[in-house]
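Notes for the one structure printed next.
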Amino acid sequence: MWSKEPSTVSSTLNNLVKARKNSARLGLDPVVIPQGPWEVNDNVGMQIAIEILIQSQGKGKNATGYQQFDSIRKIRSSYANAMHGSAVGAIDTKLKTNRGVSFGFVAGPNESVLFEMFMLGLRKRMGKVTCQNLGISFEVLSKLLEFYNEELASEDITKERFREVIVCWCIKR
30 MWSKEPSTVS STLNNLVKAR KNSARLGLDP VVIPQGPWEV NDNVGMQIAI
80 EILIQSQGKG KNATGYQQFD SIRKIRSSYA NAMHGSAVGA IDTKLKTNRG
130 VSFGFVAGPN ESVLFEMFML GLRKRMGKVT CQNLGISFEV LSKLLEFYNE
180 ELASEDITKE RFREVIVCWC IKR
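In the numbering used here, the protein residues as written are 30 to 202.
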């Protein structure tokens, strides 16, 4: 069994055990949900999941020991884009509403329920590191303003540079 949360797996298993006991009390055979055998080919995206996990172990921009979810999720997007552009993806089933809005059913290994849950779990467990732009100190800002004031007061400043300084000052404000 699998799920985003370990507690969901545990709860599901406990509920199935209770249901099996209730069936036994009633003299009924338990409901059997086939758990396999799985097909030999990979139609649920396990290979893509492994590729994503391997990529996540590479050096990232903000974290040295791994890449972030927002970087490695692009592998899935690349496979989806390739699938949609392929001969198989071009014949996806479409539905159209009475208002003309189209909806398509997509197929492919990275669209399986198992792969969706893998990606949700991955995003939840990996977290996100964001490095915001840091503000400049008051001293540096004062020096910059002083520099720009001197430049604007100069008789040698071109019209284009004057406009550029004013526009940049207004945008940054």
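Don't be surprised by glycine CBs; every beta carbon is placed ideally from N, CA and C.
Report all residues from its chain with a CB closer than 6 Å to the CB of residue i; omit the five preceding and five following residues, and keep chain order.
| i | result |
| --- | --- |
| Leu124 | Phe132 |
| Arg49 | Pro59 |
| Leu143 | Val73 |
| Met112 | Gly118 and Gly137 |
| Tyr177 | Val194 |
| Met155 | Phe98 |
| Leu173 | none |
| Ile81 | Ile101 and Ile104 |
Have a look at the DSSP bridge pairing and note the partners of residue i.
| i | result |
| --- | --- |
| Ser131 | Lys125 |
Under 9 Å, do residue i and residue j count as touching if we go by C-beta distance?
| i | j | result |
| --- | --- | --- |
| Gln76 | Ile101 | no |
| Ala78 | Phe147 | yes |
| Ile195 | Leu181 | yes |
| Asn91 | Cys160 | yes |
| Gly94 | Lys88 | yes |
| Gly150 | Gly137 | no |
| Arg192 | Asn139 | no |
Please work out which residues of its chain come closer than 7 Å, Cβ to Cβ, to residue i, disregarding the five sequence neighbours upstream and downstream, and give them in chain order.
| i | result |
| --- | --- |
| Val158 | Asn91, Ala92 and Gln97 |
| Glu145 | none |
Who are the Cβ neighbours of residue i in its own chain at under 8 Å, not counting the five residues just before and after it?
| i | result |
| --- | --- |
| Asp99 | Lys157 |
| Arg190 | Glu180 |
| Pro14 | No information on residue 14 is available, as it lies outside the stretch 30 to 202 that the chain covers here. |
| Arg152 | Phe98 and Arg102 |
| Leu45 | none |
Is any heavy atom in the ligand COA found nearer than 8 Å to the beta carbon of residue i?
| i | result |
| --- | --- |
| Val130 | The model on display carries no ligand, and the ligand COA is accordingly not part of it. |
Counting only runs of 4+ residues fully inside the segment 134-171, write out the alpha helix (DSSP H) ranges in chain order.
142-155
Length-filtered (4 minimum) alpha helix (DSSP H) runs lying within the segment 46-120
Entirely contained in the segment 46-120, the alpha helix (DSSP H) runs reaching 4 residues are, in chain order, 75-85 and 98-113.
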